[in-house]
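Visitor:
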Amino acid sequence: MNISKGVSVVICCHNSASILPQTLISICRQQTSSVINWEVVIIDNKSTDNTYQISEKILIENACPVPYKILKQPELGLSYARKMGLDNSEYEYILFCDDDNWLKENYIETGFSILESDDKIGALGGESEAVTDHPVPEWFEEHKRNYSVGKQSENQGDISNGHGVLWGAGMFVRKTALNDLYRNGFYSLLTDRKGKQLSSGGDIEKCFALRLAGWKIWYDERLKLKHYITKERLRWDYLRKLSRGFGAQKVDFDPYLHALDNSTVNISEYKWQSQAIKLFRKLRGYGLRKLITLNSSSEGDNDILRIEKTIGRLKELLKIRGDYEKE
Numbered sequence: 024m025n026i027s028k029g030v031s032v033v034i035c036c037h038n039s040a041s042i043l044p045q046t047l048i049s050i051c052r053q054q055t056s057s058v059i060n061w062e063v064v065i066i067d068n069k070s071t072d073n074t075y076q077i078s079e080k081i082l083i084e085n086a087c088p089v090p091y092k093i094l095k096q097p098e099l100g101l102s103y104a105r106k107m108g109l110d111n112s113e114y115e116y117i118l119f120c121d122d123d124n125w126l127k128e129n130y131i132e133t134g135f136s137i138l139e140s141d142d143k144i145g146a147l148g149g150e151s152e153a154v155t156d157h158p159v160p161e162w163f164e165e166h167k168r169n170y171s172v173g174k175q176s177e178n179q180g181d182i183s184n185g186h187g188v189l190w191g192a193g194m195f196v197r198k199t200a201l202n203d204l205y206r207n208g209f210y211s212l213l214t215d216r217k218g219k220q221l222s223s224g225g226d227i228e229k230c231f232a233l234r235l236a237g238w239k240i241w242y243d244e245r246l247k248l249k250h251y252i253t254k255e256r257l258r259w260d261y262l263r264k265l266s267r268g269f270g271a272q273k274v275d276f277d278p279y280l281h282a283l284d285n286s287t288v289n290i291s292e293y294k295w296q297s298q299a300i301k302l303f304r305k306l307r308g309y310g311l312r313k314l315i316t317l318n319s320s321s322e323g324d325n326d327i328l329r330i331e332k333t334i335g336r337l338k339e340l341l342k343i344r345g346d347y348e349k350e
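Numbering of the sequence shown is given in the numbering used here, commencing with residue 24 and proceeding in unit increments.
(1) Sorted by chain position, which residues of the same chain lie with C-beta nearer than 8 Å to I330's C-beta, five sequence neighbours on each side aside?
(2) What are the partner residues of F119, as DSSP defines its beta bridges?
(3) Decide if G29 is buried, meaning its Cβ has at least 16 other Cβ atoms within 10 Å, or exposed.
(4) Could you give the DSSP three-state label for Y309: helix, strand or coil?
(5) Compare the C-alpha of I144 against each of K167, Y116, D122 and D260 and name the closest.
(6) Restricting to runs no shorter than 3 residues, where is the beta strand (DSSP E) found entirely within the region 43–120?
(7) Smallest Cα separation from N178: which of E244, D156, F163 and L213?
(8) For V188, which residues in the same chain have their Cβ closer than 8 Å to its Cβ, ignoring the five residues on either side in sequence?
(9) Taking the CB atoms as reference points, tell me whether L94 and D67 lie closer together than 8 Å.
(10) Going by DSSP, what residue range makes up the beta strand (DSSP E) through W241?
(11) With a cut-off of 8 Å, does the C-beta of M107 fall near any C-beta of chain C?
(12) What residue ranges within the region 122–201 form continuous alpha helix (DSSP H) runs of no fewer than 4 residues, ordered along the chain?
(13) For Y129, which option in Y210, Q54, V172 and I48 has the closest C-alpha, if you only look at C-alpha atoms?
(14) Where H250 and D123 are concerned, what is the direct C-alpha to C-alpha distance, given to the nearest angstrom?
(15) Between the alpha carbons of E255 and W190, how many angstroms are there, rounded?
(16) Which partner residues does Y27 have in the DSSP bridge list?
(17) Measuring only the C-alpha atoms, how far is E164 from G173?
(18) List the endpoints of the continuous alpha helix (DSSP H) containing Y279.
(19) Is it buried or exposed for E152, if we count other Cβ within 10 angstroms and need 16 for buried?
(20) To the nearest whole angstrom, what separates the beta carbons of A271 and K338, a pair I think is in contact under 8 Å?
(21) Our contact map puts L118 next to S171 with C-beta atoms below 8 Å; I'd like the distance itself, whole angstroms only.
(22) Below 8 Å between beta carbons: does that hold for S27 and Y114?
(23) Which residue wins for smallest C-alpha separation from K127, given the options I50, Q96 and L262?
(24) Enumerate in chain order the residues of its own chain whose CB-to-CB distance from E79 is below 7 Å, with the five nearest sequence positions on each side excluded.
(25) Could you spell out where the alpha helix (DSSP H) holding E327 opens and where it closes?
(26) Looking only at C-alpha atoms, which of I131, F269 and T253 sits nearest to K332?
Here it is as structure tokens:
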């Protein structure tokens, strides 16, 4: 089936009424040439606020220059919302714009041009800058990539065999590539964020799957956006929870990393028991005092974030131990 050339901007929202307006305004202000067809697809992912009503109000008030649709996804989870956006989009290039992403006015035009230049690009991302109304903690600069902020790679262009992955904020994907994955049996091992839960990793997983299918992962710093960070997300305990989620997601990345020959886990040790023992030993290496005082540790202590990642991986490993070796 032929898919029309153009861009479908997919925005997945969960209780986003307070932060969505500026994102939608940035989309309405996009400057594109007349040859580019595009649309806006908003997925209301089981919101309990007035996200749906606010979305329509802002698009009308700002004279959205293209067709738009607002759909409701009753199954909570970012991956479910994005799949609905994919299934209900009209165009070949899907732009996943988070509800807190403020796109530079040439974002759609630039992304379209890059994707048109190479039909093997499966995913494309750019650079983001943090914006907030609140004081930024000292540790934020060091850990900003955990918030999808900053440069995604030291090199531009094809990063498939380098950094190899992109975050979902402002990521373009080729619909044909994703459809081919699903047609060939791909299913996500992750559900991404569910409301306030901080599980994640669906963006990275898609990049792994696209690479295995022979598509390129591309990075270009001409693509720029501002990423709004709320006060809650600038708290140290939020970063700790985020780190634990990062640790958990890595368990599901193991089969991809093995297939890409980029895993630190020896194939002969691909048993949940041996992995669990290694993680217990790693935790012990931080010292009993550090573990006992974990909940009262000083803000900015990077060891705490490493411990959280280790605990996250260990808990996820034990949770899926029966399926780990099958993956």
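Ideal placement from N, C-alpha and C gives every residue a C-beta, glycine not left out. Just so you know, these numbers come straight off a predicted model, no measurement behind them.
Guide: In short:
(1) Within the sequence shown, the letter at position 307 stands for residue 330. Taken in chain order, the residues that qualify are L306, Y309, K313, L314 and L317.
(2) Translated into positions along the sequence shown, residue 119 becomes position 96. Partner(s): V33 and M194.
(3) Walking along the sequence shown from the start, residue 29 turns up at place 6. By the C-beta density criterion, G29 is buried, having at least 16 other C-beta atoms within 10 angstroms.
(4) For the purposes of this step, residue 309 is identified with residue 286 of the sequence shown, where counting begins at 1. Correct three-state label for Y309: coil.
(5) By 1-based counting over the sequence shown, the position of residue 144 is 121. If we check each option's Cα against that of I144, Y116 comes out closest.
(6) 61–68, 91–96 and 114–119
(7) Along the sequence shown, read from residue 1 onward, the residue named residue 178 stands at position 155. Nearest of E244, D156, F163 and L213 to N178, Cα basis: E244.
(8) Sequence index remark: in the sequence shown, residue 188 carries index 165 (1-based). Counting only Cβ-Cβ distances below 8 Å, and skipping sequence neighbours, we find D226, I227, C230, F231 and I240.
(9) Locating residue 94 in the sequence shown gives position 71, counting from the first residue. Locating residue 67 in the sequence shown gives position 44, counting from the first residue. Taking 8 Å as the Cβ cut-off, L94 and D67 qualify as a contacting pair.
(10) Here residue 241 is taken as the residue at index 218 of the sequence shown, counted from 1. Residues K239 to Y251.
(11) As a matter of chain content, chain C is missing from the structure shown, which is built from one protein chain.
(12) 130–140 and 163–166
(13) Here the question's residue 129 lines up with position 106 in the sequence shown. The amino acid at residue 129 is misidentified as Tyr; the sequence shows Asn. Ranking Y210, Q54, V172 and I48 by Cα distance to N129 puts Q54 first.
(14) For the purposes of this step, residue 250 is taken as the residue at position 227 of the sequence shown. For the purposes of this step, residue 123 is taken as the residue at position 100 of the sequence shown. Spanning the two alpha carbons is a distance of roughly 6 Å.
(15) Here residue 255 is taken as the residue at index 232 of the sequence shown, counted from 1. Here residue 190 is taken as the residue at index 167 of the sequence shown, counted from 1. Whole-angstrom Cα-Cα distance: 21 Å.
(16) For this step, residue 27 is matched to residue 4 along the sequence shown. According to the sequence displayed, residue 27 carries Ser and not Tyr. Partner(s): Y114.
(17) Looking up residue 164 in the sequence shown gives position 141. Looking up residue 173 in the sequence shown gives position 150. The C-alpha of E164 lies about 9 Å from the C-alpha of G173.
(18) To locate residue 279, count along the sequence shown from 1; it is residue 256. Element bounds for Y279: W259 to A282.
(19) The count along the sequence shown starts at 1 and reaches residue 152 at position 129. The residue is exposed, with fewer than 16 neighbouring Cβ atoms inside 10 Å.
(20) Here residue 271 refers to the residue found at position 248 when the sequence shown is read from its first residue. Here residue 338 refers to the residue found at position 315 when the sequence shown is read from its first residue. So it is a contact: roughly 7 Å between Cβ atoms.
(21) Counted from its first residue, the sequence shown places residue 118 at position 95. Counted from its first residue, the sequence shown places residue 171 at position 148. Contact doesn't hold; Cβ gap of about 15 Å is too wide.
(22) Residue 27 sits at position 4 when you count from the first residue of the sequence shown. Residue 114 sits at position 91 when you count from the first residue of the sequence shown. It is a contact, given that the beta carbons lie within the stated cut-off.
(23) One-based indexing of the sequence shown puts residue 127 at position 104. Per the Cα distances, I50.
(24) The sequence position of residue 79 within the sequence shown is 56, counting from 1. Contacts found: I93.
(25) Stepping through the sequence shown from its first residue, residue 327 is reached at position 304. Sequence check: residue 327 is Ile here, not Glu. Here the alpha helix (DSSP H) through I327 covers N325 to K342.
(26) Position 309 of the sequence shown, counted from the start, is the residue given in the question as residue 332. Of the listed residues, the one whose Cα sits closest to K332 is F269.
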